[in-house]
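To start, the structure under review is shown below, and the notes come after it.
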Amino acid sequence: MAKNKFAGIHIDDNKLSKDVAITRLDAPKVVYIPLSQHIGKHASSIVKVGDSVLKGQLIAQSPNPDDLSAKIFSSVSGIVSGINIKRPATSGIANHIQIENDFKYEQFVLPKLIDPSIEEIIDRVYESGIVGMGGAGFPTHIKLKVGDEIDTLIVNGIECEPYITCDYRLMLEYTQEMLQGILLIAKCVKASTVLLCIKQNTSLANHLNQAIVSNSQYNNIVVKQLQSIYPLGSEKQLIYAATGRKVPALGLPKAVGVVVSNVATSYSVYNAVVNGITSYERLVTVTGRCVNKPCNVWVSNGTPIEHLLDYAEIDPNIVVKIVIGGPMMGTALDNTQISTTKIINCILALTKLETSYSVPSECINCSLCAKTCPMKLMPMFIVKYGNVDDASNSAKYGAKDCIECGCCSFVCPAKIPLVAEIRNAKKVVAKAEKKKKV
Amino acid sequence: MQLSLDPQLIGSSPHIVKRDHSTKAIMLDVVIALIPVIVFSVFFFGYLVLVNIVVCILSCFLAELCFNLLNHRLRPEQASYSKSSVHNLSFLVTAILLALNLPVYTDIWGWSWHSDAMMYLSFDTIIICIVGSIFAIVVCKMLFGGLGQNFANPACTTRVFLLIAFTGSMMAHVPNLLFGANTGGLYLTTGASWLGMTGDSVYNTAMHGRTFWNMFIGYTQSAAVGETSVFAIILGYGYLVFKKRIDWRLPLILIGATAIFAMLFGFVDNRVDYTDISVVFGYSLAQVMSGGLIFGAVFMATDYSTSPNSFCGNIIFVCCIAFFTIFIRTFSAWQEGFSFALLLGNVISPMIDRYVYPRKFGLVKHSSRRKFS
Ligand code: SF4
Ligand code: SF4
Chain A
1 MAKNKFAGIH
11 IDDNKLSKDV
21 AITRLDAPKV
31 VYIPLSQHIG
41 KHASSIVKVG
51 DSVLKGQLIA
61 QSPNPDDLSA
71 KIFSSVSGIV
81 SGINIKRPAT
91 SGIANHIQIE
101 NDFKYEQFVL
111 PKLIDPSIEE
121 IIDRVYESGI
131 VGMGGAGFPT
141 HIKLKVGDEI
151 DTLIVNGIEC
161 EPYITCDYRL
171 MLEYTQEMLQ
181 GILLIAKCVK
191 ASTVLLCIKQ
201 NTSLANHLNQ
211 AIVSNSQYNN
221 IVVKQLQSIY
231 PLGSEKQLIY
241 AATGRKVPAL
251 GLPKAVGVVV
261 SNVATSYSVY
271 NAVVNGITSY
281 ERLVTVTGRC
291 VNKPCNVWVS
301 NGTPIEHLLD
311 YAEIDPNIVV
321 KIVIGGPMMG
331 TALDNTQIST
341 TKIINCILAL
351 TKLETSYSVP
361 SECINCSLCA
371 KTCPMKLMPM
381 FIVKYGNVDD
391 ASNSAKYGAK
401 DCIECGCCSF
411 VCPAKIPLVA
421 EIRNAKKVVA
431 KAEKKKKV
Chain B
1 MQLSLDPQLI
11 GSSPHIVKRD
21 HSTKAIMLDV
31 VIALIPVIVF
41 SVFFFGYLVL
51 VNIVVCILSC
61 FLAELCFNLL
71 NHRLRPEQAS
81 YSKSSVHNLS
91 FLVTAILLAL
101 NLPVYTDIWG
111 WSWHSDAMMY
121 LSFDTIIICI
131 VGSIFAIVVC
141 KMLFGGLGQN
151 FANPACTTRV
161 FLLIAFTGSM
171 MAHVPNLLFG
181 ANTGGLYLTT
191 GASWLGMTGD
201 SVYNTAMHGR
211 TFWNMFIGYT
221 QSAAVGETSV
231 FAIILGYGYL
241 VFKKRIDWRL
251 PLILIGATAI
261 FAMLFGFVDN
271 RVDYTDISVV
281 FGYSLAQVMS
291 GGLIFGAVFM
301 ATDYSTSPNS
311 FCGNIIFVCC
321 IAFFTIFIRT
331 FSAWQEGFSF
341 ALLLGNVISP
351 MIDRYVYPRK
361 FGLVKHSSRR
371 KFS
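Sequences listed follow chains A and B, in order.
Following our numbering, the numbering of the first sequence begins with 1 at its first residue and continues without gaps.
Following our numbering, the numbering of the second sequence begins with 1 at its first residue and continues without gaps.
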């Protein structure tokens, strides 16, 4: 077992949908496709009301191809019935394109690439609008444009958050496609070693290893089982656990010669290059103890999540909290109108028992938060100084380094919402730094 | 589909927390860890110990509750019984620690109900307990903002306060009245009064009276009731470590450091005959086993709010305490050095936190100020 020496927490896995095979959810009558499904600049619509579009056709992009942005595609075939529709999204109100589904599912595909060069692959990734599907949503074509200093590609199949199982199912059911995608990415970044990291799970590891030995193409892919501890899936922690390299504080994985990608991203890259399919759907886990049928489904982007919750047979009487993403880092919702995007990997419907429901009290200085912080910060001091606008002290104890993994809030006996308060502290620090620069 | 989502619950991530994990649970665990100590001290000192504990608990409870109610202007969120800070049970820990830090009875004004051989009830002690509880809760804890905000351990500060307030004026007539009280019957030698002896005599007493064994079990008359039985304290230590409430290394480091400093200071002060190695070790062991050191190492130096927050900081903290303890025992008139030392440690602990904190993940050693990991 690889060394794995950062703090962190052990959480109950709660992988309710682990053994549920992947299904497909048909798109609803109307889809609302958000114009921002990635980090960076919002895309702007290139279609007009009344246009007819095909499934997989480009409908929005940033005017300048050099921007940090990604293209956006229609997930159904039909008629555009509205652009710039304001609807709730995970981060406030955002613009959406509304498309009436004609249920014909006529597909638009890009030409298939056979034995593509590096430039062709990167270009295709850009043309297909692929973003990091682990949750961050960083445009993949920019991530792939790296210099020569990379020697290792780490493929993240950890899913350290409880409940989520879509990557696990993907690795199990789409093994070949995913491995092909990994090869394509490895080619782009010129990595000589590929580490496919998964949680301690012998049967999955055997399954993957079988697939790897079956084809000599996969020679340089190594399946690495890592001891399960949250937040192992976090980039810096994963790199450390898998290779023993420490990404510098506030630095990027590039600095230690590593690129991290995700299994779902690899699958999309394969689909884009080999089948010419653009990124308009993704695998989503719908789970939680409030749904009667936890499931992993292919969902067209722009499907309102209430549609998914219905599909999973939610029990409306016991649900108290709906979360997008995992329970540790996800966002709680106040309504179910929000559309799915390329980066929403999980929808959780939690009962009162599952979620936290307690009143914060005073910090008792127990230093449990500092002991569990995987970044070795001191959350209680970040918060203490952040709350009184003392930016320099807050930064000294690590406000800027926090990855918002939530371990500290998880263990805090006083139930202080540390992560929320650290976000405030980050704002305080950012404001002070801006002032200094001016 | 219409869902009734509780708007109160739309909070920040994470959306799950550790189950059965709260301030209250931690405090209860400390109380459970103190039970063996209570049992042993009742066994050695009689039911009067229980009387002290009950009086302390009641007065701490009332003091904290009254403070909450009276302080409604500054802290309205605590100003009713149901919202009061007594529900975090920290008063219970303070009260029991305080009672265990007091002698079984004192004889300041002579208000007591006793016969020639037995003390039935000492009203002096009850008054001391009440005064101490109010001081501990109000002055040491609540005035600083309540649990977690106090810079010094309430039980320890109160012990020092009582020691100075009451013994100071009485010392001329009855030496060591409060801390080292004569309990009438059951003892061989006073833990604290050992410290006044030279190394040789300590060693001799130890060897011939088999006193180390007695000290371990608790069959000695020591100053404060809780400090008597090392055995009971080890049981409590085991429980706290098992429940991961304290770092198991820190009490051991504190005790080890004390032993080392005892040897060094014994040498400086010419107390020990350094030609005989068994005397040296005997002296050092006697220093460790007497007074409040082991009790304090387990239950008071590990107090969350008054110790530093990083492991390295804590090592510095306990080493300082060990140093001060032996320093005070060797060179000052006070025999009970540990309480003072802990207080000094508490005072420097915020300063330690300022300069000693873990090196952040991935931070390279290049900054001008060294950072300890
Ligand atoms: S301070 Fe940040 S990095 Fe550390 S445990 Fe808390 S959320 Fe995670
Ligand atoms: S875990 Fe909570 S109570 Fe403990 S030091 Fe951190 S913030 Fe304070």
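Glycine included, every Cβ here is placed at the ideal spot set by N, Cα and C.
These figures come from a predicted structure and were not determined experimentally.
Buried or exposed: which applies to residue i, given that a residue is buried once 16 or more other Cβ atoms fall within 10 Å of its Cβ?
i              : result
Y32 (chain A)  : buried
Q57 (chain A)  : buried
Y120 (chain B) : exposed
S261 (chain A) : buried
Y218 (chain A) : buried
G110 (chain B) : exposed
R24 (chain A)  : exposed
R354 (chain B) : exposed
K48 (chain A)  : exposed
G337 (chain B) : buried
Q37 (chain A)  : buried
W194 (chain B) : Note that W194 (chain B) scores a pLDDT of 42, beneath 50, so its modelled location is shaky; the value from the coordinates is reported in the next line. Buried, since its Cβ has 16 or more Cβ neighbours within 10 Å.
D425 (chain A) : Note on residue identity: the sequence assigns Ala, not Asp, to residue 425 (chain A). The residue in question, A425 (chain A), is buried, as its Cβ has 16 or more Cβ neighbours within 10 Å.
A21 (chain A)  : exposed
T275 (chain B) : exposed
N275 (chain A) : exposed
R282 (chain A) : buried
R169 (chain A) : buried
A192 (chain B) : Residue confidence for A192 (chain B) is low, a pLDDT of 40 falling below 50, so the modelled location carries little weight; the figure read from the coordinates is stated next. A192 (chain B) is buried by the Cβ-count criterion.
Could you say which of the options lies nearest to residue i if we only look at CA atoms?
i              : options                           : result
G50 (chain A)  : A:T372, A:T90, A:Q37 and A:V80    : A:V80
P413 (chain A) : A:T152, A:V359, A:D310 and A:D66  : A:V359
I344 (chain A) : A:T351, A:V299 and A:V388         : A:V299
E149 (chain A) : A:T193, A:C373, A:G276 and A:L68  : A:T193
N387 (chain A) : A:V428, A:K436, A:E127 and A:A241 : A:V428
I97 (chain A)  : A:R87, A:T175, A:E161 and A:R24   : A:R87
I205 (chain A) : A:I158, A:K143 and A:S394         : The residue you asked about is not Ile; residue 205 (chain A) is Ala in the sequence shown. Per the Cα distances, A:I158.
I185 (chain A) : A:G8, A:K199, A:G132 and A:V291   : A:G132
M300 (chain B) : B:P36, B:A155 and B:C60           : B:A155
D247 (chain B) : B:D303, B:G226, B:P350 and B:V225 : B:D303
H141 (chain A) : A:M380, A:L309 and A:D67          : A:D67
Y280 (chain A) : A:P34, A:A312 and A:I11           : A:P34
Tell me which same chain residues have a C-beta within less than 7 Å of the C-beta of residue i, skipping the five on either side of it?
i              : result
H374 (chain B) : Nothing can be reported for residue 374 (chain B), as the shown portion of chain B is limited to 1 through 373.
A33 (chain B)  : G236, Y239 and L240
V31 (chain B)  : L92, V93 and I96
G226 (chain B) : V37, S41, L100, N101 and F295
Tell me which same chain residues have a C-beta within less than 6 Å of the C-beta of residue i, skipping the five on either side of it?
i              : result
A370 (chain A) : M378
T351 (chain A) : R289, C290 and I318
G40 (chain A)  : L68 and S69
T23 (chain B)  : N88
A391 (chain A) : V428, V429 and A432
Check the Cβ of residue i against every Cβ in chain A and list those closer than 9 Å, keeping chain order.
i             : result
R75 (chain B) : The premise fails here: R75 (chain B) is roughly 10 Å from chain A at the closest Cβ pair, so nothing lies under 9 Å.
S82 (chain B) : Within chain A, no residue comes near S82 (chain B); the closest Cβ sits about 12 Å away, beyond 9 Å.
Output, in chain order, the set of chain B residues within a Cβ distance shorter than 7 Å of residue i.
i              : result
N365 (chain A) : G148, Y304, S305 and N309
P253 (chain A) : Correct list: empty, because the minimum Cβ distance to chain B is about 11 Å.
G406 (chain A) : S13 and P14
P294 (chain A) : Those within 7 Å of P294 (chain A) in chain B number zero; the least Cβ separation is about 16 Å.
So which residues on chain A does residue i lean against when the C-beta distance must stay under 8 Å?
i              : result
K243 (chain B) : Here the premise fails: no neighbours, minimum Cβ distance about 12 Å.
L28 (chain B)  : Near L28 (chain B) there are no residues of chain A at all, since even the closest Cβ is about 11 Å away, more than 8 Å.
Starting from the beta carbon of residue i, find every residue of chain B whose beta carbon is closer than 8 Å, and list them in chain order.
i              : result
M380 (chain A) : N309
M329 (chain A) : S13 and P14
Y397 (chain A) : Y357
Starting from the C-beta of residue i, find all residues in its chain whose C-beta is less than 8 Å away, skip the five residues before and the five after it, and write them out in chain order.
i              : result
S169 (chain B) : For S169 (chain B), the predicted structure reports a pLDDT of 39, less than 50, and the residue's modelled location is therefore unreliable. The matter cannot be settled from this model.
A255 (chain A) : V247 and P248
Anything in chain A within Cβ reach of residue i, meaning under 7 Å, just list it in chain order.
i              : result
T23 (chain B)  : S361, I364, P413 and A414
K141 (chain B) : Result: empty, since nearest Cβ-Cβ is about 11 Å, beyond 7 Å.
L363 (chain B) : A249
N88 (chain B)  : S361
Give the residues of chain B in contact with residue i, contact being defined as C-beta atoms less than 9 Å apart.
i              : result
T354 (chain A) : Before going on, a small fix: residue 354 (chain A) reads as Glu here, not Thr. Under the 9 Å cutoff, chain B gives H15 and I16.
V323 (chain A) : S13 and H15
State yes or no: is the C-beta of residue i nearer than 7 Å to some heavy atom of ligand 3?
i              : result
C369 (chain A) : With respect to ligand 3, the structure offers nothing, as its ligand set consists of ligand 1 and ligand 2.
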